[in-house]
Structures are given as C-alpha cells and as structure tokens.
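S.K.: Numbering (full-length UniProt numbering), first residue to last: 1 to 429. I'd like to ask you about the structure that follows.
Here it is as structure tokens:
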C-alpha cells in the first residue's frame, strides 16, 4: 500500500509538469496537513480551477451570458465561477439553480410521460417500488394501492431486469397515471413559478452547468422549458458524460461519451458528486413561502458539511490566487493545460486511493436522489464479501478496496476494467 507521503510526492511530481498550478498549490502548503486537505490542495482545487477556466473561456468564446449551476453538484463550481467572474470582470451572470432529477420528475411528467417513465425506471442501486412511487408523490394508502395493483412489494430492491418491465406496467396502471397526473400538474405550476422568479423564463437562453454523467437533468429541463414556451435549446456544460442528452448540445471537459476512456476507467462519479456538491439535501420539490417560491430539500448532509469546513478555505484560497494570475483571453488555454494535470492526478485519488484517502472520504454519505444519506461512500468489506462483487456493490468501489486489502492493486485494476466496459455500453445506447 502506498504511504501518504509517497502519494503526496506523486502529486507534487505531477504538478512539476504544470508549473503555474504547482506554484499556486505549493504556496498554500501547511505543515502536517491531513489527507483531505492535501487532496483538496494538490488535486481537487487545481482540477476544479481547470474546469472553471475552460467553462468561462468557452462561455466568452460562444457569447453566452448566463450560466446556471445545478444543485447539488454545481455548488462548489458556482462559488468558484462567481469569484473568478468578479475578479476578472467578465460579462457573465452566474446563478445557482435548485433542481434535482427527483425534483424535476413530476414537472416533467406534465410535458413528456414517456421520458419521465424512462428516467424513473433507469437502472440504479437498490431501487424499490416505494421509492419510485415517492418520486411521483404517491405515498401512504395511494402508494400501497398502486403496489397492490401491480402485485409488487413496496420495500424490496428491484433487480435491473425488473425496472424496464415496471415502466411498461406503470404506463398501463390507471391508479398510477391518475395520481401522477394530479401531482404533476401541481408540481409543474410550482416549478414554472420558481423558474420565472429566478428570471429564467424571459426568453433569453442560459446554459446548465453540472457534474454530468448521463445528461438526464438537461433532458428533463429542456423538455420542461420547451413546454413552457421557451423557443431556444438548452445547452449543457459538464465535468463528464457517459452518454449524450438526446438531441441537445453538450460540452464536456474531463471525458465525453466518445473520449476519455482511461479517465472513465479510473473515475468515481459518486465520490466526485460528494466532493463538488452542497451539504443541503436533495431537492424534492417547491413550495410558496414568504412571497417566494422556495425549494424543498431533504435532510442536510452532516458529513459533507464537516468536510467543507476543512476544505472550503483551500478552494477559495486557490480560486483567488487563480484569478490574480489569469487573463480572460487565456482562460481556455489554461483550462486545457490544467485538464492534462487532472488526468494525471485524479486517477490516483479516485481510482487508486491510499488507505488514508479512502478513510478521509469514505465516510461521506452517498445518495442517488432517493433516500437521503443512505450509505457511506466506502467502508471495509466483511469477510464474506471480500471480492470484486463486494467492492462494486458500494458507491466508491476503489475506496472499499483500499480499506479492505493491504495490497489492493489487483482489485483496482479489475474495477477499472469493469468501469471501462460499463462506460462503453453507456456510450452505445
């Protein structure tokens, strides 16, 4: 197993090939910093800084004026972009938009039932019928009646093969359709009011910024905006995508559906979401309050909040230094330079973590938009589950491997191969 000092030295060596980022990160070094702060300083802040330079440079090149950073993964990106826009005096407006796949599902139902059912029944870890019906606002006796009509239990995890058939069954279930229609009409009105309140229904285009992965949030937002009479096509900017949003323009930094295969193999998207995202819970819907439309969120994530207290000064310090050493005409250039650095350091942190790094980040909660704070990102595997399947059952497989075996190298390689095959399958859909 690689020691913490050996890992920090590997990061420093990578930074030698990127003198500008290396100088900024090196100027913030502290004696005896813990693994979380070291990773934020040497890996994550330079990577996020690279993404932001690319994003802002691309916005200037394409003449965009409004960037909307989507909750929760866009929280750190929003704060960093806002700071750089102010420092560099860029003609850009940054907004944080409180949305989620779950929060958009009912508004989407009003405009495109087929897409809504497809998104609801996509494969996911440990999905239950009860959880899926809660997305449609059907709980209690109403949810039980739908489950009885389908002949399925509410609380049992559904196998991937059951999900596709479930979508067809829900599309024929009158109890489900009536309930979703009723709840969707209410949710659609509330979400339209929220967008109008935020100035996003004035006919002027804006661009969605998110971590990415499957592009479904952009698809949902795009359909809703079209239904609300917006005569422009929503574009998206992403850290990475495994598949493209259907017939919608998307721009990727770290990997795209057709590129970045090595990066996909050694990536950990669940971990990235936790590192980038806000501590507030998943956006569940919207309500009127104090003369405004307010997002309704799930419980706050204490593990993210604790990590932010430790790492936020690192990010903000790095972004301020970045702004002081940047010029608007060079943003795209430096965004691409820092991309090369991220492709050397992120695979180490995410795909081959040290035990100390896995312990520092493995305690973060993982939630896929269903139950809040459902499971830890990574934990040591029990004796009966010490195999590849046991690793893959968790949100951060590489973290579980690092916490379980003294020499996890072979497991890291096997996980990378598995992820590469999954990425290839997703790109071909």
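Backbone N, C-alpha and C define an ideal beta-carbon position, used for all residues, glycine too.
(1) Assuming residue 114 is part of the alpha helix (DSSP H), what are its boundary residues?
(2) In angstroms, rounded to a whole number, what distance separates the CA positions of residue 5 and residue 115?
(3) Going by C-alpha distance, which of 48, 8, 399, 342 is nearest residue 81?
(4) Going by Cα to Cα distance, which pick from 228, 254, 224 is closest to residue 237?
(5) Spell out a yes or no on whether the region 323 to 336 and the region 44 to 59 are touching, meaning 3 or more CB-CB pairs, one atom from each, closer than 8 angstroms.
(6) Excluding the five sequence neighbours on either side, which residues of its own chain have a C-beta within less than 6 angstroms of the C-beta of residue 345, listed in chain order?
(7) Would you give the residue range spanned by the beta strand (DSSP E) that residue 325 belongs to?
(8) Helix, strand or coil, according to DSSP, for residue 318 in the structure here?
(9) Hey, which unbroken runs of the alpha helix (DSSP H) at 4 residues or more fall wholly within the region 384 to 420?
(10) Since residue 300 and residue 281 should fall inside the 8 angstroms C-beta cutoff, what is the C-beta to C-beta distance between them, to a whole number of angstroms?
(11) In angstroms, rounded to a whole number, what distance separates the CA positions of residue 118 and residue 199?
(12) So for residue 73, helix, strand or coil by DSSP?
(13) Does the structure place the region 185 to 199 close enough to the region 97 to 112 that three or more beta carbon pairs sit under 8 angstroms?
(14) With a CB to CB cut of under 6 angstroms and the five nearest residues on each side skipped, what residues in its chain are close to residue 335?
(15) From residue 408 to residue 71, what does the alpha carbon distance come to, in whole angstroms?
(16) Please tell me whether residue 241 and residue 220 are closer than 7 angstroms, where the distance is taken between their beta carbons.
(17) Are the beta-carbon atoms belonging to residue 223 and residue 64 less than 7 angstroms from one another?
(18) When the distance is taken between beta carbons, is residue 358 closer than 7 angstroms to residue 403?
M.R.: Answer, in terms of the structure:
(1) Residue numbering aside, residue 114 sits at position 114 when the chain shown is read from its first letter. Taken as a continuous stretch (DSSP letters only), the alpha helix (DSSP H) holding residue 114 covers 113 to 120.
(2) The residue labelled residue 5 in the question sits at position 5 within the chain shown. The residue labelled residue 115 in the question sits at position 115 within the chain shown. Their Cα atoms are separated by approximately 49 angstroms.
(3) In the chain shown, the residue the question calls residue 81 occupies position 81. Answer by Cα proximity: 48.
(4) Reading the chain shown from its first residue, position 237 is the one you call residue 237. If we check each option's Cα against that of residue 237, 254 comes out closest.
(5) yes
(6) Along the chain shown, one-based indexing puts residue 345 at 345. The answer, listed in chain order, is 11, 14, 43.
(7) As a first step, residue 325 must be located in the chain shown, where it is residue number 325. Run containing residue 325: none; DSSP gives neither H nor E here.
(8) For the purposes of this step, residue 318 is identified with residue 318 of the chain shown, where counting begins at 1. Reduced to three states, the DSSP call for residue 318 is helix.
(9) 388 to 392, 397 to 404
(10) The residue labelled residue 300 in the question sits at position 300 within the chain shown. The residue labelled residue 281 in the question sits at position 281 within the chain shown. Their Cβ separation, rounded to whole angstroms, is 6 angstroms, which keeps residue 300 and residue 281 in contact under 8 angstroms.
(11) What you label residue 118 is simply residue 118 of the chain shown in a count that begins at 1. What you label residue 199 is simply residue 199 of the chain shown in a count that begins at 1. Approximately 30 angstroms, taken between the alpha carbons.
(12) Stepping through the chain shown from its first residue, residue 73 is reached at position 73. If DSSP states are grouped into helix, strand and coil, residue 73 belongs with coil.
(13) yes
(14) The residue you call residue 335 lines up with position 335 of the chain shown. Result list for residue 335: 50, 53, 54, 57, in chain order.
(15) Indexing the chain shown from 1 puts residue 408 at position 408. Indexing the chain shown from 1 puts residue 71 at position 71. For residue 408 and residue 71, the distance between alpha carbons rounds to 34 angstroms.
(16) Along the chain shown, read from residue 1 onward, the residue named residue 241 stands at position 241. Along the chain shown, read from residue 1 onward, the residue named residue 220 stands at position 220. No, the pair does not count as a contact, with Cβ atoms beyond the cut-off.
(17) Start at 1 with the first residue of the chain shown, and residue 223 comes out as number 223. Start at 1 with the first residue of the chain shown, and residue 64 comes out as number 64. For residue 223 and residue 64, no; Cβs fall outside 7 angstroms.
(18) Numbered from its first residue, the chain shown carries residue 403 at position 403. Numbered from its first residue, the chain shown carries residue 358 at position 358. Their beta carbons are under 7 angstroms apart, which means residue 403 touches residue 358 by this criterion.
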